[in-house]
Amino acid sequence: MAEQYTGMAIGIFELESECICFVALDAAAKAADVKIQAVERNRLKAGACVKMRGTVSNVKAAMEAALDAAKGRSKVVSHTVIAAPSEDTETAITMTIGK
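Take the sequence shown: its letter number 72 is residue 71 in numbering that gives the first Met the number 0, and every next letter is one higher.
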């Protein structure tokens, strides 16, 4: 699974509301050519984390759309774009999916 994302930028955002994460990822997927790699529910709180992949420009556009869709609906816990994840970062990201 990880091999299909090799060389792609990654965008990660976490919201306090799992439901609004789906609204935000829908906006992201419609705004730019990105693949949703994972949606991870926060087991301790009501929120979730979304990982999306694509070119740097597409991930940035998708992130902007996602955060805009979440604005006023859910608190953004964190968000980032990693343009060129290292091999170790890719390994760590893969390890966290489904955990």
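Glycine is no exception: its CB is placed at the ideal position from the N, C-alpha and C atoms.
Just the C-alpha distance for residue i and residue j, rounded to the nearest angstrom, thanks.
{"i": "I35", "j": "R42", "result": "20 Å"}
{"i": "C18", "j": "G46", "result": "8 Å"}
{"i": "C20", "j": "K59", "result": "17 Å"}
{"i": "T88", "j": "V22", "result": "27 Å"}
{"i": "T5", "j": "I81", "result": "13 Å"}
{"i": "A69", "j": "V38", "result": "15 Å"}
{"i": "A91", "j": "R72", "result": "30 Å"}
{"i": "E13", "j": "A83", "result": "20 Å"}
{"i": "L24", "j": "T95", "result": "19 Å"}
{"i": "S99", "j": "C48", "result": "Since the displayed the chain opens at 0 and closes at 98, residue 99 lies outside it and no answer follows."}
{"i": "E15", "j": "R40", "result": "10 Å"}
Which first and last residues belong to the beta strand (DSSP E) in which residue i is found?
{"i": "T90", "result": "No beta strand (DSSP E) holds T90; the alpha helix (DSSP H) holding it covers E86 to T95."}
What do you reckon, are the CB atoms on residue i and residue j nearer than 9 Å?
{"i": "G97", "j": "R52", "result": "no"}
{"i": "A8", "j": "T54", "result": "yes"}
Contact criterion: CB-CB distance below 9 Å. Does residue i meet it with respect to chain D?
{"i": "T54", "result": "Given the protein chain composition of this structure (a single chain), no chain D is represented."}
ask   = Along the chain, which unbroken stretches of the beta strand (DSSP E) at least 3 residues long are found entirely within the region 8 to 74?
value = DSSP runs (the beta strand (DSSP E)) wholly in the region 8 to 74: 8 to 14, 34 to 40 and 47 to 53.
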